[in-house]
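Per my numbering, the sequence shown starts with residue 801, numbered consecutively.
Cβ atoms here follow ideal geometry from the backbone N, Cα and C, with glycine treated the same way.
Everything numeric in this text was worked out from a predicted model, so none of it was measured.
Structure record follows, encoded as structure tokens.
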Amino acid sequence: MIEQFNPWWKGKEFIEEDEDYSKWKESGIKWIPEAIEKISLEPFSLNFVFGPRQVGKTTLLKLIIKKLLDSGVDPKAIFYMRCDYLSDYKELMEVLDEYMEFRKIEGIESSYFLLDEITFPKEWFRAIKLYIDMGKFKRDVLILTGSLSMYLKGEVETFPGRRGRGKDIVMYPLSFREFVKVAAPELYSRIPKIKDVVEIEKCLKLRPWKEELYDLFILYLRSGGFPRAVKDILEKGKVREETYDTYLSWIRGDLIRLGKSEGIAKRIIKAILERVPSPVGWNTIAKEVEVGSHKTVFSYVEFFEKSFVLKVLQHFDPNTLEPDFKKEKKIHFIDPFLYHLFSRWCLIEKPSEDKMVESVVASHLARKYDVGYWRNGSEIDVVTKNGIGFEVKWRKNAKPLRVRVGKIKNVVTLSKDDFSTDPLMIPVYLFLACFDV
């Protein structure tokens, strides 16, 4: 069976026969995930690549294989397996043993194991942990992909001291900066990169391209950053029905696998959609959706957060910049596409544009910083742990927010099209086009 997943064993040029790689190569809209440069390819390494389904993890693995082949690695030293074909750790061990016997015959001493959707075989970690402890992988590189259900079940925590040079890589949907790179590469080449929000004034250099970036941002609000939706919007001008169906199947499948009720999940998602981005408590949602306890709401929100659907912002005490878990939370969807997807699922109108924009800002900042919000009469939409606040004002004739409280010494206003230098206010899309996350 394993030969069908590894056509390059016949020769490196046979990578072209791989369905995933050939689809990527032939696509008019394609990109190379930045994660390809972050993964450790030095033995021994146990790498984990996390992210929602359909975010491009399989494509990443096939591009890594192409990179290895181009660098001169023996094609038979590269082993790829789709683990959703396997039922449990015993079947995983059988597949690993089959390849290890094959490489022994071929005289290969060091291999690359790319195990896709590793969380499907029950107790998969037992096989990997055992073989690491037995020294079977001591000269190898392992790259395992999966969803955050690994963390929900505590499976990754079973590998202390067994990671070698391995890394944890999170693959998010495309950020707005990455979206611009795909949609308008020439414009992207002119955009400065900021790795920290303290460099935000560099974004003012983009003022001459304000109109172009505004148009791209409106497009991004329609598609988000999930690969299929991005391709749809850039090729067809809209997201196809099949794309919505594919992603909704992913959500439903994960709910079933983790023993959650689709009905309860749907009611909780609907309640969140109707309140975004206002602060809300677990008890409030529990009463509205008529579930037994606020603990039930918390467990479902935690599931969605660790499945890369939601991001929960706690209220920050401005004097300590520590979260106050007793106060109401702000709950954001991590990508604009999910607003469209779940609004359709719940049969309600999607939130207004200004609400989605605040969520885009919060979710982008949350990729790099520990973030919360502050509210006490006035409000700061997003606050980072280093004391920088962000207020989103997605409307005409916005005025910059003049608030300093406790350790929050600097607040940046992100507008629809207005500028100010003191206090600083710039359009949202100029900041996000520069922000490297």
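*Skipping 5 residues on each side, what residues in its chain have a beta carbon closer than 7 Å to that of residue 828?*
1035
*What three-state label does DSSP hand residue 856 in the structure shown?*
coil
_Using a Cβ distance threshold of 8 Å, determine whether the region 1008–1021 contacts the region 1053–1066, with at least three qualifying pairs required._
no
*Quick one: is residue 1114 buried, meaning 16 or more other Cβ sit within 10 Å of its Cβ, or exposed?*
buried
*Are there three or more Cβ pairs, one per stretch, closer than 8 Å when the region 884–893 is compared with the region 807–823?*
no
*Tell me which same chain residues have a C-beta within less than 6 Å of the C-beta of residue 886, skipping the five on either side of it?*
892 and 921
*For residue 932, I'd like the list of residues in its chain whose CB is within less than 6 Å of its CB, leaving aside the five on either flank, ordered along the chain.*
962
*Are the Cβ atoms of residue 947 and residue 850 separated by less than 8 Å?*
yes
*Pull up the distance between the alpha-carbon of residue 1215 and that of residue 1233, whole angstroms please.*
14 Å
_Beta-carbon proximity of residue 1182 to residue 1157, cut-off 8 Å_ = no
*Whose CA, out of 871, 1169 and 1135, lies closest to the CA of residue 1153?*
1135
*Identify every run of the beta strand (DSSP E) within the region 934–1008, keeping only runs that are complete inside it and at least 3 residues long; order them along the chain.*
941–946 and 968–970
*Can you round the beta-carbon distance between residue 1145 and residue 1066 to whole angstroms, since I take them to be within the 8 Å contact cut?*
7 Å
*asked:* So, for residue 926: in the same chain, excluding its five sequence neighbours on each side, which residues have a beta-carbon less than 6 Å away from its beta-carbon?
replied: 889
*Of the choices 814, 919, 1086 and 830, whose alpha-carbon is the least far from that of residue 878?*
814
*At which residues does the beta strand (DSSP E) containing residue 914 begin and terminate?*
912–916
*Kindly list the residues whose CB is nearer than 8 Å to the CB of residue 1002, restricted to its own chain and excluding five residues on each side of it in sequence; keep chain order.*
992, 994 and 1234
_Across the region 975–989 and the region 1179–1197, are there enough close Cβ pairs to call them in contact, namely three or more that are closer than 8 Å?_
no
*asked:* In whole angstroms, give me the CA-to-CA distance for residue 902 and residue 942.
replied: 17 Å
_Enclosing alpha helix (DSSP H) for residue 1194 [first to last residue]_ = Careful: residue 1194 lies outside any alpha helix (DSSP H) and carries neither H nor E.
_According to DSSP, is residue 1058 part of a helix, a strand, or is it coil?_
coil
*Under 6 Å Cβ to Cβ from residue 1170, same chain only, skipping five residues before and after it: list those, please.*
1185
*Can you list, in chain order, the residues of its chain whose CB lies under 7 Å from that of residue 1208, leaving out five sequence neighbours each side?*
1118, 1174, 1180, 1183, 1187 and 1189
*Residues in its own chain within less than 8 Å of residue 1137 by CB, not counting five upstream and five downstream?*
973, 1023, 1024, 1025, 1026, 1029, 1039 and 1047
*Burial state of residue 985, where buried means 16 or more other Cβ atoms lie within 10 Å*: exposed
_Supposed close pair residue 1238, residue 843 - CB separation, criterion 8 Å_ = No answer is possible for residue 1238: the residues shown for the chain start at 801 and end at 1237.
*Give every residue of the same chain whose Cβ lies closer than 7 Å to the Cβ of residue 1196, excluding the five residues on either side of it in the sequence, and list them in chain order.*
1216
*asked:* Does residue 1156 come out as helix, strand or coil in the three-state DSSP assignment?
replied: helix
*Buried or exposed for residue 1125, please, with buried defined as at least 16 other CB atoms from any protein chain shown within 10 angstroms of its CB.*
exposed
_According to DSSP, is residue 1214 part of a helix, a strand, or is it coil?_
strand
*On the three-state DSSP scale, how would you describe residue 1083?*
helix
*Mind checking which residues open and close the beta strand (DSSP E) that includes residue 1123?*
1122–1124
*Would you list the one or two residues that DSSP bridges to residue 1111?*
1132
*Pair every Cβ in the region 1102–1109 with every Cβ in the region 1078–1091, then say whether three or more of these pairs are closer than 8 Å.*
no
_Closest Cα partner of residue 1013 within the set 990, 997 and 881_ = 990
*For the beta strand (DSSP E) containing residue 845, list its first residue and its last residue.*
845–850
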